[in-house]
Amino acid sequence: MTPQVLSRDQEQDLLQDALQGNRRAFGELVQLHQARAMALAVGIVGNREEARDLYQEACLKSFKALRSFVPGRPFFPWFYRILRNACIQHLRSRRVRRSVSLQRQDDDGDYAFDLVDTTTPSPEELVERDARSQALGTALTRLSPADREILTLKHFDGLSYKEIAEALSIPIGTVMSRLHVARRRLRKLVPELA
């Protein structure tokens, strides 16, 4: 089933209803962003089951914290901060530093970070692309959680600098700087990206 896409005005209408205590409206709102939020949570904690639990926790926390939401602002960056904090707290509570994989696969088993190609690739090109994807996936697991997070938000989830700044509660200049550093570190690990 394809997720429903709402205009900003429609999302704001749902938000207004949710702010007035309408649980159904809030449920619709978080459902609209579920796939994106789950992908981010999996990217942070590296485990789909844990990510699902943390997503549920973030939904409950965000419903309880709706009074802190600033009307007129986009919902997802606010919700993402709550989800991110839950994921980080979870990682801290484990007290074991683990590599976090950003290798997300779609229903066909293809890597979500594969390059889009409208032509039919040859078998050799498929092997080469798969090798690049595996190299990229391996390199991403070797980056710090902060580097993986900022790269995921920008390149895999398509957030703008402003949206990333809002989601992480940091200035836009810091977003740009962190992205530059994370890309440089990734290029060192995967020279063919240079």
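Take any residue in the sequence shown, count from 1 to its spot, add 1: that is its number in our numbering.
Backbone N, C-alpha and C define an ideal beta-carbon position, used for all residues, glycine too.
With three or more CB-CB distances shorter than 8 Å, the stretch 58-71 counts as touching the stretch 17-25.
Cβ contact annotation for V46 (same chain, cutoff 8 Å, sequence separation greater than five): A52, L55, C88, H91, L92 and V101, in chain order. Linking L180 to G28 through their CA atoms gives a straight-line distance of about 33 Å.
Under the criterion of beta carbons closer than 8 Å, L41 and Y81 qualify as touching, at roughly 7 Å. It is roughly 30 Å from the alpha-carbon of L169 to the alpha-carbon of E193. With a 10 Å radius around the Cβ and a threshold of 16 neighbouring Cβ atoms, D158 comes out buried. As the crow flies, the alpha-carbon of R9 is around 29 Å from that of R49. Under the 10 Å beta carbon count, L33 is surrounded by 16 or more other beta carbons and is classified as buried. Taken atom to atom, the span from the alpha-carbon of V182 to that of G174 is near 12 Å. Rounded to whole angstroms, the separation of the alpha carbons of R24 and G44 is 28 Å. In this structure, the alpha-carbon of S145 lies about 31 Å from that of L30. Ranking R74, A147, Q35 and V71 by CA distance to the CA of C60 puts Q35 first. For the set K189, R37, A166 and Q13, the Cα lying nearest the Cα of A136 is the one of K189. If you look at T153, you'll find it isn't in any alpha helix (DSSP H); DSSP assigns it neither H nor E.
Beyond the five residues adjoining it in sequence on each side, E167 comes within less than 6 Å, by CB distance, of P78 in the same chain, given in chain order. If you draw a 10 Å sphere on the C-beta of V176, you find 16 or more other C-beta atoms in it, and that means buried. Around the beta-carbon of R74, fewer than 16 other beta-carbon atoms lie within 10 Å, marking it exposed. With respect to the 7 Å criterion, D148 and R186 are classified as neighbours on the basis of their beta carbons.
Distance between E150 and H156, taken at the CA atoms: about 10 Å.
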